[in-house]
Structures are given as C-alpha cells and as structure tokens.
Amino acid sequence: MSNKKYKQTELNLFFKAEGNQGKTLKRKHSPEIEEMSGKGSKVHNSGESKRPEVNRDAHAQPQNINETEKACNQNYKGAPSSSFTGETKTDRNSSNGKTKGGEFSEANNDDSNSKNKDKNSSKNNGDSSKADNVVTTNDDEKSLKKDESSLNVEKDSSGSKNEYGGSSRDNDNNFKTANDKSYPQSSSSLRSSPTHQERTDNKVNASKDDKQYRQEQMQRKSDPVIPKDIVDGMNSNSAYLKPLKPSENHIVLFDCQESWEPKSIPKPYPSILNTSENRYRPDSSQVIMPYFFNPEYKRNEYEKSSSQSRWERIQCALKKNIAGVFELESAIKSYNVHFKHRWNFDTLYDFFENLDQHEKDIFFQKTLPEMCNLALRLSDICTKPLPILKQNKSMKVTMSQQQAASLLANAFFCTFPTRNVNTKSVSLPDINFNNLYSGGPGKERKIEKLKCLLNYFKRVTTKMPTGTLTFSRHYERVNPDWKILESKFTNMTVDSEGSIEDVGTEMLQADFANKLVGGGVLGRGLVQEEIRFIICPEMIVSRLFTETLSDNEVLIMTGCERFCTYTGYSDTFKFAGNYIDQTSWDSWGRRMIDVVAMDALVVRGNPRDQFKIYPLKRELNKSHCAFADDYRKSELYQNVCYHPSPVCTGNWGCGAFKGDKYLKAVIQMMAASYAGREIYYCTFGDAELTRDLQLLHCILLEYNIKISKMMMWISEYEESHSRQTLFEFIFKKTGRHVTKSTDSQSTTNSGDEN
Numbered sequence: 001m002s003n004k005k006y007k008q009t010e011l012n013l014f015f016k017a018e019g020n021q022g023k024t025l026k027r028k029h030s031p032e033i034e035e036m037s038g039k040g041s042k043v044h045n046s047g048e049s050k051r052p053e054v055n056r057d058a059h060a061q062p063q064n065i066n067e068t069e070k071a072c073n074q075n076y077k078g079a080p081s082s083s084f085t086g087e088t089k090t091d092r093n094s095s096n097g098k099t100k101g102g103e104f105s106e107a108n109n110d111d112s113n114s115k116n117k118d119k120n121s122s123k124n125n126g127d128s129s130k131a132d133n134v135v136t137t138n139d140d141e142k143s144l145k146k147d148e149s150s151l152n153v154e155k156d157s158s159g160s161k162n163e164y165g166g167s168s169r170d171n172d173n174n175f176k177t178a179n180d181k182s183y184p185q186s187s188s189s190l191r192s193s194p195t196h197q198e199r200t201d202n203k204v205n206a207s208k209d210d211k212q213y214r215q216e217q218m219q220r221k222s223d224p225v226i227p228k229d230i231v232d233g234m235n236s237n238s239a240y241l242k243p244l245k246p247s248e249n250h251i252v253l254f255d256c257q258e259s260w261e262p263k264s265i266p267k268p269y270p271s272i273l274n275t276s277e278n279r280y281r282p283d284s285s286q287v288i289m290p291y292f293f294n295p296e297y298k299r300n301e302y303e304k305s306s307s308q309s310r311w312e313r314i315q316c317a318l319k320k321n322i323a324g325v326f327e328l329e330s331a332i333k334s335y336n337v338h339f340k341h342r343w344n345f346d347t348l349y350d351f352f353e354n355l356d357q358h359e360k361d362i363f364f365q366k367t368l369p370e371m372c373n374l375a376l377r378l379s380d381i382c383t384k385p386l387p388i389l390k391q392n393k394s395m396k397v398t399m400s401q402q403q404a405a406s407l408l409a410n411a412f413f414c415t416f417p418t419r420n421v422n423t424k425s426v427s428l429p430d431i432n433f434n435n436l437y438s439g440g441p442g443k444e445r446k447i448e449k450l451k452c453l454l455n456y457f458k459r460v461t462t463k464m465p466t467g468t469l470t471f472s473r474h475y476e477r478v479n480p481d482w483k484i485l486e487s488k489f490t491n492m493t494v495d496s497e498g499s500i501e502d503v504g505t506e507m508l509q510a511d512f513a514n515k516l517v518g519g520g521v522l523g524r525g526l527v528q529e530e531i532r533f534i535i536c537p538e539m540i541v542s543r544l545f546t547e548t549l550s551d552n553e554v555l556i557m558t559g560c561e562r563f564c565t566y567t568g569y570s571d572t573f574k575f576a577g578n579y580i581d582q583t584s585w586d587s588w589g590r591r592m593i594d595v596v597a598m599d600a601l602v603v604r605g606n607p608r609d610q611f612k613i614y615p616l617k618r619e620l621n622k623s624h625c626a627f628a629d630d631y632r633k634s635e636l637y638q639n640v641c642y643h644p645s646p647v648c649t650g651n652w653g654c655g656a657f658k659g660d661k662y663l664k665a666v667i668q669m670m671a672a673s674y675a676g677r678e679i680y681y682c683t684f685g686d687a688e689l690t691r692d693l694q695l696l697h698c699i700l701l702e703y704n705i706k707i708s709k710m711m712m713w714i715s716e717y718e719e720s721h722s723r724q725t726l727f728e729f730i731f732k733k734t735g736r737h738v739t740k741s742t743d744s745q746s747t748t749n750s751g752d753e754n
C-alpha cells in the first residue's frame with residue numbers, strides 16, 4: 001500500500017467529523033461564466049461570513065473541452081469561482097468548538113487494496129472488501145466502511161464507535177481527551193506494540209516482496225505521534241502541534257512545562273525577574289523595558305536634581321489617585337520630562353469631554369486603577385527580556401495574553417523609553433500612545449480608536465484572558481525562479497462584500513501592512529491594517545520588538561483575539577461595540593487565527609513602472625514569503641498529513657500605495673498557487689473586479705495556464721505599452737476578446753466554440 005495514502009486513509013477514521021458536512025456556498029455567476037460553463041451558476045454577492053469548504057485536489061486540471069465545462073461548472077457551482085470542499089472545519093459559533101463535516105478524500109491503488117483483501121480475509125473470516133478506488137463524499141457511508149476494512153479497525157462486541165470514528169474498544173484507552181487525568185505511556189503513539197493478530201498478519205505478508213514489505217513497516221513506525229491533548233476546539237493540524245518548548249530562535253515568556261489549560265493564566269518564566277538582566281545595554285538585541293536600570297538616566301539636564309530612577313518615578317505617579325484627564329496628563333508627563341512642553345493631550349480631553357458621565361466614572365474609578373496596577377506589575381509579569389525580531393533572521397516570540405495586556409498598559413501610560421539612535425531602536429516603530437492623544441488633523445479618527453482601546457482595557461481588567469500569542473518573523477532566504485515554475489493555478493473564491501476578518505475563519509488572513517508593522521495605528525491612519533490592529537489590540541504589541549520588514553520578510557501573528565466590532569472605513573470608521581471572539585484554541589493556547597503582515601511597494605511616479613521586472617519580482621517574493629507555510633510546519637510533528645489553509649486576501653497595496661489591482665491580484669494568485677494554497681479573494685464591493693477575477697480564473701483552469709506562462713505574459717504586457725488593462729491583455733492572449741458594457745461584461749472566443 002502506498003504509505004502516504006495509508007496514512008491519509010487512517011486520518012479519515014481518526015478525524016471522522018460529527019454530523020453532515022458543510023454545504024457549498026450558494027452564489028451567483030456573471031453571464032460570461034454561465035456561457036463558458038454551459039450551466040447557470042450563481043455569483044456570491046452576500047456578506048456571508050461562512051467558511052468555504054476546501055478542495056484538497058487543488059492542482060487537478062481539466063484535460064479536454066468537455067472536462068473543462070464540467071470543471072468550470074463544478075468549480076463555480078455555488079461560488080463566483082472554485083468552491084472549497086472536503087476540509088474539516090470548526091464551527092466558530094459553537095462554544096465548545098467541535099469539528100463538523102468533511103473527511104479527507106483519498107483513493108487507494110490496486111496494490112494497496114489487494115493487500116487489504118488478504119488482511120481482511122484472515123481477520124474477518126472471508127469478509128472481503130472490493131478493490132475499487134475509495135473516495136469519501138459528504139454522506140458516503142460505504143466509502144467510510146471501505147476505509148475501515150482497509151485499516152482492519154476492529155469493533156467491539158457491541159459494535160459501538162467513539163466520536164473519532166474508530167471502535168470504542170480500540171480508542172478509549174489510546175486517545176484520551178483533556179478531561180481525562182491519566183494518560184498511559186503508550187497512548188501518545190498512534191501505533192502501539194504489535195498485537196498477536198498483527199504478528200499473524202506479518203507472517204502472511206512475509207510471503208510477499210520482502211523489500212517492499214520492510215519499507216512499508218519502517219514507514220509505519222515513523223507515522224506521526226499523536227499528542228495526548230486532542231480535545232474539542234482543536235482542528236486536525238493543531239492536534240499535531242509539538243509540545244511548546246523554547247529554543248534559540250523561539251523565545252517563550254511563560255512556563256510551558258505544563259500543558260496549557262483554558263481556565264488558568266500561564267505563569268511567567270522565570271518566576272522572578274533576574275536582576276542581572278535588569279540593566280540597560282545600548283548594544284543589546286533586547287527591548288528596553290520601563291523597569292530597566294539606566295546609568296545614563298540621571299545625566300539628563302531636566303532631572304539632574306532627582307535621586308529617583310525613571311521606574312521609581314513611574315511607580316510614584318501611577319500609585320496616586322488619578323481622578324480625571326488632567327491628573328492623567330500630569331502623571332504621564334511627570335516621568336516624560338523631555339516632552340513636557342511638546343506633547344499635547346487635546347484628543348484625550350475631547351474624548352472624555354464627550355463621554356457619558358456614567359462611563360467616565362466607571363473608567364476613572366474602576367478601569368484605570370486596574371490598568372495602573374497591570375502596568376506596575378510588568379516586572380512580575382514579564383520576567384524575561386523581550387528579544388528584538390531583527391532583520392534577515394527567522395525568529396518567534398510566544399507570550400501570554402496577560403503579558404501582552406501588561407505591555408499595552410505601559411504603552412497607554414507612555415512608560416517605554418524613547419526610541420532613538422542611542423538605543424539602537426531607530427528601525428522600530430513607536431509604541432507609546434502619546435501620538436494618539438495629540439490634537440490636530442485626524443482627531444475624529446483617534447477618538448474612535450480610543451473607544452476601541454478602552455473597550456479592550458475594560459475587558460482585560462474585568463476578566464483577564466488565559467490564552468497565548470505567537471509573533472513569528474519569517475525570513476525567506478531563497479526566492480523561486482518565477483520564469484520556470486510549472487505549477488498550475490489553485491482554486492479561488494471571490495467575495496464582493498465580505499471582509500477578511502469576518503470570512504477568513506481558519507484561513508491565513510492578509511494584513512496589507514506598512515514596513516513598520518501597524519502603520520499609523522497610533523496616529524491618523526485608519527485603513528485596512530490600522531483597523532485590524534485597533535480591533536485586535538494585542539497586535540499592537542508587535543510594534544515593540546519588530547524591526548522594519550525587508551523585501552523578503554513578513555510577520556505572522558497567531559492567536560490575537562478580536563475585541564471590537566466596527567462600521568465604516570477611514571473617515572467613516574466607527575466603534576460599534578464589544579465583540580466576543582468564538583474562535584477555538586490550539587494546544588498551545590492560541591486562538592486559531594493567523595494574520596500575516598505583508599508590506600507592498602509604494603508606487604511613485606509612472607504607474608506603469610510597477611510592471612517592470614524588479615518591482616514585479618519583489619512583490620512576487622514578498623507574497624511567496626507570506627504564503628509559504630514553513631513557519632507552521634516547524635511547529636508540527638514530522639510526517640503528519642498537513643494541508644496549508646487557504647489565503648484570505650484582497651486588494652493588497654492598492655489604496656494609499658497606489659498599486660494596480662489587476663496586477664496585485666495576479667501576483668497573489670501566482671504566489672498562493674506555488675505555495676499550494678487556495679485563495680478566498682475579497683474585492684470590497686468592486687463589482688467589475690469581481691467579474692474579471694471570476695472570468696480570469698476560469699480561463700486559467702480551462703487552458704491549464706502555468707505560472708511561468710503568466711510571468712511571460714506580464715513581461716510582454718509591460719513591453720507592449722498597451723492601453724488595455726492587464727486582464728484584457730491576458731484574455732486576448734488566450735484567444736478571448738472582452739467587450740464591456742455599462743451593465744455587464746461578456747467574452748467571445750476567437751477560435752472554435754466550446
């Protein structure tokens with residue numbers, strides 16, 4: 001039997017989902033797609049935040065015209081482009097996070113089925129299974145039975161099965177949930193020592209090709225080790241996470257010797273701050289914390305007469321009663337003497353002036369004192385120096401949500417030392433909130449941001465979250481040669497109304513970032529990246545230790561919880577209330593949310609220059625770095641059946657950065673296809689782009705276009721100086737001519753009709 005297929009089929013049983021599979025999204029099609037597919041389909045124009053099912057056979061391509069029609073019809077059924085089918089998904093609306101719907105599809109070859117026949121005949125007294133290829137579908141119980149017989153799953157006398165799809169006798173002892181207190185030593189392995197029946201099977205199989213049999217047995221021994229903490233709320237990939245351990249390139253700020261428990265806050269590690277590390281080092285690669293002892297501090301001309309350290313000044317100021325905004329301003333400026341006459345708090349005054357009196361009383365009497373306590377406990381909560389995620393090096397930092405909250409509380413009170421050349425932090429973004437408090441242009445935007453942030457602090461001071469976060473800087477050393485790649489395009493879904501944070505559940509979600517992560521989140525900025533950071537404030541912590549992103553680097557933020565809901569965009573952005581994030585956790589305690597910060601090039605001068613080879617390759621390499629899943633694979637056990645999640649993205653770099661939306665869409669399609677990921681593309685209400693992307697994707701599948709061919713066409717388009725859009729140029733290259741009208745867009749084939 002093929003080892004890969006054996007392992008895949010085995011996972012079918014282990015991760016058997018409860019209930020029926022998720023149904024395909026119902027969407028509409030533009031007229032040209034209906035004409036190409038031969039049947040009426042529907043285009044997705046709803047803001048449904050339902051996770052599409054993922055078709056794992058992403059690279060399957062039609063071979064002839066008839067197959068093309070069927071493929072287009074199938075790929076676009078119920079979706080503007082290829083729908084996702086067959087992936088285990090988590091219901092975000094379910095409090096316990098149980099998986100539902102979708103087994104892995106697998107086809108067994110003739111050799112493997114013949115071998116299974118022999119095994120089944122010896123075990124089940126002639127109860128044989130057919131050697132047909134097995135493909136699991138939504139409600140195909142026969143296929144499931146074939147998988148069971150091929151794996152020789154023994155049922156108990158009652159014939160009952162557990163929730164994982166195996167017999168209760170086999171699995172009750174081998175697969176304990178988190179609620180079980182005892183775990184047998186052998187329960188961590190998917191395959192324990194051979195039983196008497198297995199030894200009998202070995203003798204039967206020994207008469208076959210010995211070399212092939214030995215290879216199979218060796219592969220079976222290297223099957224993935226199943227962790228003991230497979231619990232509700234964990235999907236198939238998170239169940240294969242290695243135990244969390246710190247390393248040279250992975251700094252963990254809490255004690256990870258004990259497995260994560262959702263009801264308890266992770267304990268800081270070490271338990272007490274090491275005083276030898278509590279010193280300022282100008283040449284260090286660590287974040288300068290507010291409690292660091294700085295021998296140069298007293299040399300400041302503003303504070304020569306003071307005998308207190310800066311941290312002592314901070315403690316003195318925040319322990320006093322702060323009854324209003326004036327006292328808050330005075331406290332912050334008391335330990336930021338440099339900026340006493342430079343900083344203004346006009347926006348903060350306006351915010352509290354317009355705040356309801358009841359809400360104002362709650363903040364100053366309850367929330368603010370808890371925030372002061374949270375900030376002053378920083379040396380007890382973050383007992384290990386934070387590393388700076390430097391350029392040209394892949395590195396991770398994992399912390400608890402409590403540690404992130406303490407760091408953000410210090411940012412609120414502006415306790416972090418100034419970042420300048422002397423502190424070697426020139427390439428780091430600002431972290432203190434002083435710019436958010438200042439007046440001037442953008443005051444209304446800042447007020448809405450303050451509403452989101454104070455809602456976050458109200459939440460964490462009322463009940464501290466117990467989860468964890470990981471910030472991963474991913475550096476890609478070697479870039480692909482895009483001119484020779486033979487990969488074909490993967491499946492794609494286009495959504496004209498949904499937002500990335502709403503529809504991207506369990507997907508890799510794109511953050512259209514600035515090279516200084518967070519962009520203008522603490523200033524006037526309020527577009528895609530700033531909105532994401534302000535509704536998920538824990539992302540702001542990344543600004544504390546992430547250096548400027550270079551051309552082949554991205555930052556992946558895993559586990560950041562969403563706390564706010566909103567309406568509008570930019571000047572129309574409004575805080576719309578509290579948000580309860582129902583996303584489930586993985587075994588490390590992180591919510592299963594991956595957001596990748598990927599910065600685009602700023603287009604200056606001639607817009608046509610972005611089609612030249614250097615900026616084109618730069619954007620391709622940046623997208624490839626963002627969509628590559630090396631950072632995720634490094635966290636998993638080896639030899640597991642890992643499937644990269646789809647990418648949820650949109651018009652990357654097409655707003656203030658002035659990128660061409662057609663070019664950026666094609667670039668992301670190329671990079672995602674090379675990484676083996678499917679795409680869920682949000683056009684944010686752009687109906688024309690929605691139709692164009694639907695049509696382009698169907699053509700790419702119809703003609704089996706490869707990445708190298710697309711690269712050549714983009715180069716030809718740049719050299720042609722054509723007035724057509726890139727999509728129109730590509731359509732012409734495939735023999736299709738696009739005619740646009742005010743109501744719809746249609747295509748004609750210059751060659752034979754399908």
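Reminder that position 192 of the sequence shown reads as 192 in UniProt numbering, one-by-one numbering, no gaps. Note that beta-carbon positions come from the ideal geometry of N, C-alpha and C, so glycine has one too. Remember, it's a predicted structure, so these values are computed and weren't measured experimentally.
- Non-local beta-carbon contacts of Leu516 in its own chain, meaning distances under 7 Å to residues more than five positions away in sequence, involve Pro429, Thr548 in chain order.
- With respect to the 9 Å criterion, Ala600 and Glu619 are classified as neighbours on the basis of their beta carbons.
- Between the beta-carbon of Phe573 and that of Leu522 there is about 15 Å, and that puts the pair past the 8 Å contact cut.
- Counting C-beta pairs closer than 8 Å gives three or more between the region 249-258 and the region 377-388, which meets the contact rule.
- Put simply, the backbone Cα of Tyr680 is about 15 Å away from that of Phe512.
- Under DSSP, Pro268 takes part in a beta bridge, and its partners are Phe254.
- Counting of Cβ neighbours within 10 angstroms places Phe326 among the exposed residues, the total staying below 16.
- Secondary structure note for His474: its beta strand (DSSP E) is the uninterrupted segment 468-475.
- For the pair Met539 and Phe533, the CB atoms are nearer than the 9 Å cut-off.
- With respect to Thr367, Lys463 sits apart: the two C-beta atoms are not nearer than 9 Å.
- Between Gly518 and Glu530, the C-beta spacing is below 9 Å.
- When only Cα atoms are considered, Met592 and Pro268 end up about 22 Å apart.
- In the structure shown, Asp630 adopts helical secondary structure according to DSSP, grouped into three states.
- The Cβ atoms of Gly559 and Thr649 do not sit closer than 9 Å to each other.
- According to DSSP, residue pairing for Val596 in a beta bridge involves Ala510, Ile556.
- Scanning Glu718, Ser708, His721, Cys698 for the CA closest to the CA of Phe731 turns up Cys698.
- Burial state of Pro644 is buried, judged by a 10 Å Cβ sphere holding 16 or more other Cβ atoms.
- C-alpha of Ser334 to C-alpha of Glu312: approximately 11 Å in a straight line.
- Per DSSP, reduced to three states, the secondary structure at Tyr680 is strand.
- Listed in chain order, the non-local C-beta contacts of Gln315 below 7 Å within the same chain comprise Leu376, local neighbours out to five positions each way being set aside.
- In terms of CA proximity to Met289, Leu378 leads the group Gln365, Leu378, Phe351.
- Where Lys396 is concerned, the enclosing beta strand (DSSP E) starts and stops at 395-400.
- For Glu329, same chain residues with a beta-carbon under 6 Å away, outside a window of 5 residues either side, are Phe345 in chain order.
- With the rule of 3 Cβ pairs closer than 8 Å, the region 444-457 counts as touching the region 563-578.
- Under the three-state reduction of DSSP, Asp380 is assigned to helix.
- Contiguous beta strand (DSSP E) elements confined to the region 521-572 occur at 553-558, 564-567, taking only those with 3 or more residues.
- For Cys648, the enclosing beta strand (DSSP E) starts and ends at 647-649.
- Here Gly504 is buried. Its C-beta has 16 or more other C-beta atoms within 10 Å.
- Judged by DSSP secondary structure, Lys574 falls within the beta strand (DSSP E) whose first and last residues are 574-578.
- Membership of Met669 in the alpha helix (DSSP H) is indicated by the continuous run 661-674.
- Secondary structure note for Thr493: its beta strand (DSSP E) is the uninterrupted segment 492-495.
- With respect to the C-alpha of Ser673, the residue from Glu716, His474, Met710 having the closest C-alpha is Met710.
- Non-local C-beta neighbours of Trp343 in its own chain, meaning closer than 6 Å and more than five positions away in sequence, comprise Asn434, ordered along the chain.
- Relative to the Cα of Trp482, the nearest Cα in the group Tyr614, Ser264, Ala331 belongs to Tyr614.
- Counting the other Cβ atoms within 10 Å of the Cβ of Asp609 gives fewer than 16, which makes it exposed.
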